[in-house]
Amino acid sequence: QVQLQESGPGLVKPSETLSLACAVSGGSISGYYWSWIRQPPGKGLEWIGNIHDSGRSNYNPSLKSRVTISVDTSKKQFSLRLSSVTSADTAVYYCATGGSSWYSSYWGQGTLVTVSS
Amino acid sequence: DIQMTQSPSSLSASVGDRVTITCRASQDISSSLAWYQQKPGKAPKLLLYAASRLESGVPSRFSGSGSGTDYTLTISTLQPEDFATYYCQQYYIPPLTFGGGTKVEIK
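See the structure below:
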C-alpha cells in the first residue's frame, strides 16, 4: 500500500517560491506517475501536473511558466516548485499517484500553504 | 483544455435514496474518467476509474456509466457515510481536469 506524505512551509510570502516535497513509502517510485493537485479553501480541485520517474512531465498550462515538478528516486520523493506566488496560490496542496495511470488512487493528506506577507 | 461540467452542483437526499450525478466533457474522452469522493478536511478518495471500474474496496452501491462525452455516477442506496462532495476527472489528455463538484447533503 503506497503512502504519501507532503512536507514544506505552510506560509510563503508573495513573489517568493513555494516548495513542497512528497515522500513515498510502501511501494516503488520507479515506473510510475506522480502528481500534484491543489484545492483553494472552499473551492474545487485543480491539477497542477505530473511526472514520470523517467523524467517525462506534464503541466497545467495555466501554471506552466511557474511550475517545476521533479523526482528524486534515491530519496523516494518528488517535489513541487511554484514561483512568483500570489494570494491566489493559497490552497491545500496534495501529492498523489495512480501508479502507471494518470488518475489518482493514492493521495497524501494534503498540506495548507498560505501566501501572505 | 477539456472542460468538465458536473451537475447538479449540490443536492439534498435521504438515506436510502438513489442518487445520480452527471459529468459532461467538452470533447470525447474515451471513458478516461474517474470519480472521487471527498469529505471535509480529507483528501479525495478514488471511487471509480475508466468510467465504470470500481476501485478495490469501494462498496458496490457505487456505479458508473457513460461513454464519449457523457458520464454518470450512481449511488444505488445512499448511506449516511456517503454524504460528501463528489468530483469527476478526465485523464484522457493533459491538462487533467476536474468537474466543479457535487455536494450531497442530508435532506
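Chains A and B are the protein sequences, given in the same order. Quick note on the numbering used here: the first sequence kicks off at 931 and runs consecutively. Quick note on the numbering used here: the second sequence kicks off at 301 and runs consecutively. Glycine residues also receive a C-beta, built at the ideal position from the N, C-alpha and C atoms. This structure is a prediction, so every number in the text was calculated from the model and none was measured.
Closer than 8 Å by C-beta to residue i: which residues in its own chain qualify, once you throw out the five before and the five after it? Chain order, please.
{"i": "A/Lys-1006", "result": "Ala-953, Val-954, Ser-955 and Ile-959"}
{"i": "A/Asn-990", "result": "Glu-976, Trp-977, Ile-978, Gly-979 and Val-997"}
{"i": "A/Pro-944", "result": "Val-1015, Thr-1016, Ser-1017, Val-1045, Ser-1046 and Ser-1047"}
Taking only three categories from DSSP, how would you classify residue i?
{"i": "B/Ala-343", "result": "coil"}
{"i": "B/Ala-435", "result": "This structure leaves residue 435 of chain B out entirely; chain B is present only between 301 and 407."}
{"i": "A/Glu-946", "result": "coil"}
{"i": "B/Asp-317", "result": "coil"}
{"i": "B/Ala-334", "result": "strand"}
{"i": "B/Ala-384", "result": "coil"}
{"i": "A/Ser-1035", "result": "strand"}
{"i": "A/Asp-983", "result": "coil"}
{"i": "B/Ser-307", "result": "strand"}
{"i": "A/Ser-1046", "result": "coil"}
{"i": "B/Asp-301", "result": "coil"}
{"i": "A/Ser-1017", "result": "helix"}
{"i": "A/Leu-941", "result": "strand"}
{"i": "A/Ser-1004", "result": "coil"}
Output needed for residue i: all residues of its chain with C-beta closer than 6 Å, excluding positions within five of it in sequence on either side, in chain order.
{"i": "B/Gly-368", "result": "Asp-328"}
{"i": "B/Gly-366", "result": "Ala-351 and Thr-372"}
{"i": "A/Thr-1041", "result": "Glu-936 and Tyr-1023"}
Can you tell me the Cβ-Cβ gap for residue i and residue j, rounded? I've got them flagged as a contact below 8 Å.
{"i": "B/Leu-347", "j": "B/Val-358", "result": "5 Å"}
{"i": "A/Leu-948", "j": "A/Asp-1019", "result": "6 Å"}
{"i": "A/Trp-1032", "j": "B/Leu-396", "result": "6 Å"}
{"i": "B/Ile-302", "j": "B/Ile-393", "result": "6 Å"}
{"i": "A/Cys-1025", "j": "A/Ser-965", "result": "7 Å"}
Keeping to the same chain, check which residues put their C-beta closer than 7 Å to that of residue i; ignore five residues upstream and five downstream.
{"i": "B/Thr-402", "result": "Gln-306, Pro-308, Ser-309, Ser-310, Leu-311, Ile-321, Thr-385 and Tyr-386"}
{"i": "A/Glu-946", "result": "Val-1015"}
{"i": "B/Gly-316", "result": "Thr-377 and Leu-378"}
Tell me, please, which residues DSSP counts as bridged to residue i.
{"i": "A/Trp-999", "result": "Looking at the sequence shown, residue 999 of chain A is not Trp but Ile. A/Ile-999 is bridged to A/Leu-1010."}
{"i": "A/Asn-988", "result": "A/Asn-980"}
{"i": "A/Lys-973", "result": "Its beta-bridge partners do not exist; DSSP assigns none."}
{"i": "B/Asp-370", "result": "B/Arg-324 and B/Ser-367"}
{"i": "A/Arg-968", "result": "A/Glu-976 and A/Tyr-1023"}
Taking the beta carbon of residue i as the centre, do at least 16 other beta carbons fall within 10 Å, making it buried, or is it exposed?
{"i": "B/Ser-356", "result": "exposed"}
{"i": "A/Gly-1028", "result": "buried"}
{"i": "A/Ile-981", "result": "buried"}
{"i": "B/Gly-364", "result": "buried"}
{"i": "A/Ser-995", "result": "exposed"}
{"i": "B/Ile-406", "result": "exposed"}
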